[in-house]
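Student:
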Amino acid sequence: MTALPLDDFATVLQRCGIDLSALQGSDIAVRSPIDGTELARLAALPAAHMPAVIGRADQAFRQWRLTPAPVRGELVRLWGEELRRAKADIGHVVSREVGKIVQEGLGEVQEAVDICEFALGLSRQLHGKTIVSERPGHRIMEQYHPLGPVAVITAFNFPSAVFAWNAAIALVCGNPVIFKPSEKAPLSGLATFKALERAIAQFTVPFGDRAPAGLAQIVLGGSDVAEALVDSPQIALVSATGSSRMGRAVGPRVAARFGKRILELGGNNAMIVTPAADLDLAVRAIVFSAVGTAGQRCTTLRRLIVHRDVKPALLDKLLKAYASLRIGDPLQPGTLVGPLIDEAAFNAMQHALAQARQQGGTVLAGGRRVLAEPFPQGFYVEPAIVDMPEQMAIVRQETFAPLLYVLSYEELEQAIAWNNDVPQGLSSCIFSNDLREVETFLSAAGSDCGMANVNIGPSGAEIGGAFGGEKETGGDRESGSDAWKQYMRRTTNTINYSRELPLAQGIRFG
């Protein structure tokens, strides 16, 4: 169960276009959660250099905004092709650096490919509206124009896809991008960004200088670099993914300068399982949603709210499924659960388990560290299931680990109330074949989350739908649907083609 040799990993990085010698420094130590191996030691960009980076993006905006949107779409199409060609290598970097199993690493890169395809089509659909006027000989219309430089600040758990979600749409909408990846996963971010650089190089062949210098930049560093992006009035939009604590710091600072922001923050996602559910289908969804990425997704299933009549049968099936999970090196075939990102994540899970016990919970399965002997610097845990008497304080907190709380209910109204009674509001789902139960869950009196699913888990969202949640999750949307509007500014235009000048509301003046 040994991880890929470092020599081979260096070859993968080279194929991705990453020259570690040019990035070498002492500021950022990148370690693999698989075995604690140091993958790289990188130099951080001094915060004093950020005004120049932002200035280049501002200059690029003045040119890129004039490039027709379908032409901008061609750049994103080329990026998608580069990502597709490098999918195996970038996916490997994600697995090695974040600890995702191979299938999830590949799936993340596929998300990046998919959003490029979505943005390509979008490049010919950035349309506004024509609106009837109350005045004769007048027409009202809305247009969407490029917004300005966009900063993309990502978390460790989706270092490739989330950048692509934002950058593909931002570029098509006419905005330069500055990418600040997590210090825990800079190599995955670099691999994805290098594919974009190759696309820009190809784009300049038929289109010359339409891709200006500074159109896409990546900055490695810590909080000081992120703060420079957050505070700069030249950054029109800050898209930041992370914890609710991070959002509380970023949101007010961007708002203080009247900037725009997209915050994708915490999730404490629930599944309601009713007596009308297909239990076998529910079990399959629970396992992937609760243990995929070792519970380190913002959409991870963390609360299982089960009707008391089906709880024994469901738990019996679920415990058997958990017992069969293969935990280990994510690069090895057959592994389903890789490591936590670091020791701090392991300690947070152990603290949550202790709190759950103190608050009346019973650990039904898991929670222990495993594989400590072959991987003393890797933090592998058994996914845990904890039966709780009620939705206690610890259940209302998000723990970024494979920790699933189980609650039992009698009336659907109580289940929906528990679903909603947490500070976060990202994703939710119900398993039921009862039309009334399903429609109630989806109604205004149902789930208060940004995403509400039926007979499918809370994780694994497709790029076609807008992604995001309410309350402490941030209230914003990115990726599909009409989320592109956040990356543009809207103007309302009134055109008078008559020879008169009637005033609105029938006002007579003079």
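If you read the sequence shown in this note's numbering, its first letter stands for residue 1177, the second for the next number, and so on. We put the beta carbon where it would ideally sit given N, CA and C, even for glycine.
1) Which residues in the same chain as G1650 place their Cβ atom closer than 7 Å to its Cβ, once the five residues preceding and following it in sequence are excluded?
2) Can you list, in chain order, the residues of its chain with a C-beta nearer than 7 Å to that of K1370? Leave out the 5 residues immediately preceding and following it.
3) Output needed for F1383: all residues of its chain with C-beta closer than 7 Å, excluding positions within five of it in sequence on either side, in chain order.
4) With 8 Å set as the bound, which would you pick, yes or no: does the beta-carbon of E1587 sit closer than that to a beta-carbon of chain B?
5) Please determine, among D1505, S1655, V1328, the residue with the shortest C-alpha to C-alpha distance to A1233.
6) Taking C-beta to C-beta, are F1379 and P1325 nearer than 8 Å?
7) Relative to the alpha-carbon of V1338, which residue among V1289, D1518, D1492, L1602 has its alpha-carbon at the smallest distance?
8) Between the stretch 1657–1667 and the stretch 1297–1306, do at least 3 Cβ pairs fall closer than 8 Å?
9) If I follow the unbroken alpha helix (DSSP H) through Y1498, where does it start and stop?
10) With a Cβ-Cβ cutoff of 8 Å, do L1457 and N1631 count as a contact?
11) Whole-angstrom Cβ separation of R1478 and L1580, contact assumed at under 8 Å?
12) May I ask which residues mark the beginning and end of the alpha helix (DSSP H) holding S1399?
13) In this structure, does DSSP put I1671 in helix, strand or coil?
14) Using the Cα positions of M1177 and G1504, report the straight-line distance between them to the nearest angstrom.
15) Anyone know if the C-beta pair for P1209 and F1522 falls short of 8 Å?
16) Please go through the same chain and pick out, in chain order, the residues whose beta-carbon is closer than 7 Å to the beta-carbon of F1334, but skip the five residues on each side of it.
17) Could you give the distance in angstroms between the alpha-carbon of L1547 and the alpha-carbon of G1397?
18) In this structure, how does DSSP classify V1328 when only helix, strand and coil are distinguished?
19) In this structure, does DSSP put M1177 in helix, strand or coil?
20) Rounding to the nearest angstrom, what Cα-Cα distance links F1551 and A1620 in this structure?
21) If we count Cβ pairs, one from each stretch, closer than 8 Å, do we get three or more for the stretch 1605–1624 versus the stretch 1558–1573?
22) In the DSSP assignment, what residue or residues form a beta bridge with C1605?
23) If you follow the beta strand (DSSP E) that V1482 is part of, which residue opens it and which one closes it?
24) Around the Cβ of Y1673, are there at least 16 other Cβ atoms within 10 angstroms (buried) or fewer (exposed)?
25) Compare the Cα-Cα distances from A1637 to each of A1497, G1626, K1647 and report the closest residue.
26) Residues in the same chain with beta-carbon distance under 8 Å from I1639, minus the five sequence neighbours each way, listed in chain order, please.
27) By the 10 Å Cβ neighbour count, where 16 or more other Cβ atoms means buried, how is T1538 classified, buried or exposed?
28) Extract the residue ranges of the beta strand (DSSP E) inside the stretch 1517–1555, only unbroken runs of 3 or more that lie entirely within it.
29) Across the stretch 1398–1411 and the stretch 1218–1229, are there enough close Cβ pairs to call them in contact, namely three or more that are closer than 8 Å?
30) What is the DSSP secondary structure of I1411, counted as helix, strand or coil?
31) Over the uninterrupted alpha helix (DSSP H) stretch that includes E1440, give me the two end residues.
32) Would you kindly work out how many angstroms separate the C-alpha atoms of L1490 and L1455, rounded to a whole number?
33) Do M1525 and A1577 come within 8 Å of each other at the CB atom, strictly closer than that value?
34) Hey, out of R1533, V1557, A1425, whose CA is closest to G1543's CA?
35) Let me know the beta strand (DSSP E) ranges lying completely inside the stretch 1180–1267, each 3 residues or longer, listed in chain order.
Tutor: The relevant details are as follows:
1) G1423, L1439, E1440, L1441, G1644
2) Sequence-distant Cβ neighbours of K1370 in its own chain, meaning closer than 7 Å and more than five residues away, are C1192, G1193, I1194.
3) Residues V1247 of the same chain have their beta carbon placed closer than 7 Å to that of F1383, with the five preceding and five following residues left out of the count.
4) Absent from the structure: chain B. Only one protein chain is present.
5) V1328
6) no
7) V1289
8) Contact holds: three or more Cβ-Cβ distances are below 8 Å.
9) 1487–1499
10) yes
11) 6 Å
12) 1399–1407
13) strand
14) A caution first: M1177 carries a pLDDT of 40, below 50, which makes its placement in the model too unreliable to give a value.
15) no
16) E1284
17) Rounded to whole angstroms, the gap between the alpha carbons of L1547 and G1397 is 32 Å.
18) strand
19) Bear in mind that the predicted position of M1177 carries a pLDDT of just 40, short of 50, making it unreliable; the figure below should be weighed with that in mind. M1177: coil per DSSP, three-state reduction.
20) 49 Å
21) The stretch 1605–1624 is not in contact with the stretch 1558–1573.
22) M1447, N1629.
23) 1477–1483
24) Y1673 should be labelled exposed.
25) Among A1497, G1626, K1647, the Cα nearest to that of A1637 is on G1626.
26) E1287, D1290, I1291, F1294, W1341, S1655, G1656
27) exposed
28) 1538–1541
29) Yes, they touch.
30) coil
31) Run containing E1440: none in the alpha helix (DSSP H); it sits in the beta strand (DSSP E), 1436–1440.
32) Spanning the two alpha carbons is a distance of roughly 6 Å.
33) yes
34) V1557
35) 1200–1207, 1214–1218
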